[in-house]
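Protein chains: 2
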Amino acid sequence: MPKKTFENLSDEKKKRIFDAAVQEFSNRRFSEASINQIIKTAEISRGSFYQYFHNKEDIYLYMITEISKSKMDVMGRTEEQNPEADFFEIYIKMFQEGLQWSRSNPDYYRVGLLMELDDSRFIHKLQAMAAEGLKSLSNLIERDKRRGLIKPEVDSQLVVEMLYTLNMNLLMKDFMSGLEENMEKRFINMVEIIRGGIARDKS
Amino acid sequence: MPKKTFENLSDEKKKRIFDAAVQEFSNRRFSEASINQIIKTAEISRGSFYQYFHNKEDIYLYMITEISKSKMDVMGRTEEQNPEADFFEIYIKMFQEGLQWSRSNPDYYRVGLLMELDDSRFIHKLQAMAAEGLKSLSNLIERDKRRGLIKPEVDSQLVVEMLYTLNMNLLMKDFMSGLEENMEKRFINMVEIIRGGIARDKS
DNA sequence: TTGTCATGTGACAATCTTGTCATTTTCTTG
DNA sequence: CAAGAAAATGACAAGATTGTCACATGACAA
Numbered sequence: 004m005p006k007k008t009f010e011n012l013s014d015e016k017k018k019r020i021f022d023a024a025v026q027e028f029s030n031r032r033f034s035e036a037s038i039n040q041i042i043k044t045a046e047i048s049r050g051s052f053y054q055y056f057h058n059k060e061d062i063y064l065y066m067i068t069e070i071s072k073s074k075m076d077v078m079g080r081t082e083e084q085n086p087e088a089d090f091f092e093i094y095i096k097m098f099q100e101g102l103q104w105s106r107s108n109p110d111y112y113r114v115g116l117l118m119e120l121d122d123s124r125f126i127h128k129l130q131a132m133a134a135e136g137l138k139s140l141s142n143l144i145e146r147d148k149r150r151g152l153i154k155p156e157v158d159s160q161l162v163v164e165m166l167y168t169l170n171m172n173l174l175m176k177d178f179m180s181g182l183e184e185n186m187e188k189r190f191i192n193m194v195e196i197i198r199g200g201i202a203r204d205k206s
Numbered sequence: 004m005p006k007k008t009f010e011n012l013s014d015e016k017k018k019r020i021f022d023a024a025v026q027e028f029s030n031r032r033f034s035e036a037s038i039n040q041i042i043k044t045a046e047i048s049r050g051s052f053y054q055y056f057h058n059k060e061d062i063y064l065y066m067i068t069e070i071s072k073s074k075m076d077v078m079g080r081t082e083e084q085n086p087e088a089d090f091f092e093i094y095i096k097m098f099q100e101g102l103q104w105s106r107s108n109p110d111y112y113r114v115g116l117l118m119e120l121d122d123s124r125f126i127h128k129l130q131a132m133a134a135e136g137l138k139s140l141s142n143l144i145e146r147d148k149r150r151g152l153i154k155p156e157v158d159s160q161l162v163v164e165m166l167y168t169l170n171m172n173l174l175m176k177d178f179m180s181g182l183e184e185n186m187e188k189r190f191i192n193m194v195e196i197i198r199g200g201i202a203r204d205k206s
């Protein structure tokens, strides 16, 4: 949590600092990011920084929170929109919306990917928290089991992990290389393979 | 390539340095690993180090090469052993052998995983080279297509990537958390899902 | 105008890092 | 044994990093 002194700042200055943080954390992993760079970009003094934030973790958390807010505004309502859609329809839709969001907020998106790459204690805690969010997905799979769409013996948690892993890997490659041409096609391809692997045999 | 002065060293000293490098690179990513730590562990002076190697990349490459040799001695013959086995049988066998190798050489194994996590230019080049090795796997899939075991429209390259990604993710988790109880079971579970997704419908 | 108080500042200490180089030590060979 | 070659050494330069702290500044109220 930023200190009270930070809250007191003008919106303009707060934004300047936030943007500087995004700039840094979207180019270097948390453990490699430098406060020096942030204060240089934000044009504040070293002393000020420590008057606003306790340390690097503090500003990172602040930034992540802000970004999450922004993402929540755009996404997170896919599930409610089509209550009748099956798991894979919803999942693909979510992917596409995520893609759209990442295209309009490339920096925020890069922050997220770099977070995935980090291996500091601190970041691992955050990742664990994020993983909680995946539970709702496995609930969807369970529902489709009851509907008779998915084999009952399938480990839904495992499937969610698989999809998440493959998804992340795909985004990561895109992020690193910049080529994303048939990314969506590849994504759907992968999802279809898994769907085929867990779908209940038609009979 | 290490300098000639390094080659001239006694086997004992070479091993001492190699072991020190393994110790460091199995605990920190390439970009974070410190030469200081290596020379301290190996008990050589700073000057000596630079008389043996050009820089950090140099010793890393040397170490990776040695590790690869050691792994090649143990693995890499799975495919030839059962020329009649189908792709998934071979793949699972490979995984199991790899697991065994990693258990008898945990440090080498950690080096490999940390390499996967790094994002420096240098390491990316190495990763690209390693990826070449995956081609032989997609050949196996192609063969199984011809055998009528796998749907002809499947993108074999994509399947290999999926398996590789999932595999890595599994190993990584194990690496981080230390719990590996039902790892093999989970692995087979995942592989079976993909197999089900690309297998030709029985008819 | 003056006193108070929140805020801004950058020099500083304390740690790191890599790569170099003049010097010393050890080895080898005539 | 003695001279010349090869190897080992660690101090050093030059560059980072984070967090602290004594002080400067400026706003606001009495």
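Residue numbers (this note's numbering), protein chains in the order written: chain A, 4 to 206; chain B, 4 to 206. Backbone N, C-alpha and C fix where the C-beta goes; we use that ideal spot for every residue, glycine too.
> Among all the DSSP beta bridges, which residues are the ones paired with residue 153(A)?
Replying inline: 202(A)
>> Determine, for residue 161(A), whether the minimum Cβ-Cβ distance to residues of chain B falls below 9 angstroms.
In response: With a threshold of 9 angstroms between beta carbons, residue 161(A) makes contact with chain B.
> First and last residue of the alpha helix (DSSP H) that includes residue 106(B)?
Replying inline: 90 to 107
>> Let's test the definition: count the other Cβ atoms within 10 Å of the Cβ of residue 168(B) and tell me whether it reaches 16, buried, or not, exposed.
In response: So residue 168(B) counts as buried.
> Quick one: does residue 8(B) have its CB under 9 angstroms from some CB of chain A?
Replying inline: For residue 8(B), no CB of chain A lies under 9 angstroms from its own CB, so it is not counted at the interface with that chain.
> In terms of residue numbering, what span does the alpha helix (DSSP H) encompassing residue 56(B) cover?
Replying inline: Run containing residue 56(B): none; DSSP gives neither H nor E here.
>> Out of 90(A), 57(A), 10(A), which one is the CA nearest neighbour of residue 149(A)?
In response: 90(A)
>> So for residue 6(A), helix, strand or coil by DSSP?
In response: coil
>> I believe residue 199(B) touches residue 200(A) by the beta-carbon criterion, under 8 angstroms. Please report the beta-carbon distance rounded to the nearest angstrom.
In response: Distance from residue 199(B) to residue 200(A) at the Cβ level is roughly 4 angstroms; contact confirmed, criterion being Cβ atoms closer than 8 angstroms.
> Taking Cβ positions only, does residue 68(B) come closer than 9 angstroms to chain A?
Replying inline: Cβ-Cβ to chain A under 9 angstroms: no for residue 68(B).
> What number of angstroms, rounded off, separates the C-alpha of residue 7(B) from the C-alpha of residue 61(B)?
Replying inline: A direct Cα-Cα distance of roughly 13 angstroms separates residue 7(B) from residue 61(B).
>> Considering just the uninterrupted stretch of the alpha helix (DSSP H) at residue 39(B), what are its terminal residues?
In response: 38 to 45
> Should residue 106(A) go down as buried or exposed, given a rule of 16 or more other Cβ atoms within 10 Å for buried?
Replying inline: exposed
> Between residue 132(B) and the rest of its own chain, which residues show a CB-CB distance below 8 angstroms, the 5 nearest in sequence each way excluded?
Replying inline: none
>> What are the residues in the region 183 to 197 of chain A lying within 9 angstroms of chain B by C-beta distance?
In response: Hits within the stretch, in order: 189, 192, 193, 195, 196, 197.
> Among residues of its own chain, excluding the 5 on either side of residue 25(B), which ones have a beta-carbon nearer than 8 angstroms to its beta-carbon?
Replying inline: 66, 70, 110, 111, 114
>> Am I right that residue 108(B) and residue 73(B) are in contact with their C-beta atoms under 8 angstroms? What's the rounded C-beta distance?
In response: 7 angstroms
> CB-CB under 6 angstroms to residue 9(B), same chain, minus the five flanking residues each way: which ones, in chain order?
Replying inline: The residues are 55.
> residue 137(B) lies in the alpha helix (DSSP H); which residues open and close that run?
Replying inline: For residue 137(B), no alpha helix (DSSP H) run applies, since DSSP gives it neither H nor E.
> Does DSSP put residue 12(A) in a helix, a strand or coil?
Replying inline: coil
> Got a sec: is the Cβ-Cβ distance from residue 110(A) to anything in chain B below 9 angstroms?
Replying inline: no
> Okay, do the region 92 to 99 of chain B and the region 11 to 18 of chain B touch, 3+ Cβ pairs below 8 angstroms being the bar?
Replying inline: no
> In chain order, what residues of the same chain have a beta carbon less than 7 angstroms from the beta carbon of residue 116(B), not counting five sequence neighbours either side?
Replying inline: Cβ neighbours of residue 116(B) beyond the five flanking positions: 174, 175, 178.
> With a Cβ-Cβ cutoff of 9 angstroms, do residue 141(B) and residue 159(B) count as a contact?
Replying inline: yes
> Leaving out five residues before and five after residue 99(B) in sequence, what residues of the same chain have Cβ atoms less than 8 angstroms from its Cβ?
Replying inline: 187
>> What does the alpha-carbon distance come out to for the pair residue 154(A) and residue 15(B)?
In response: 58 angstroms
> Among the residues of its own chain, which have a CB less than 6 angstroms from the CB of residue 77(B), if the five just before and after it don't count?
Replying inline: 104
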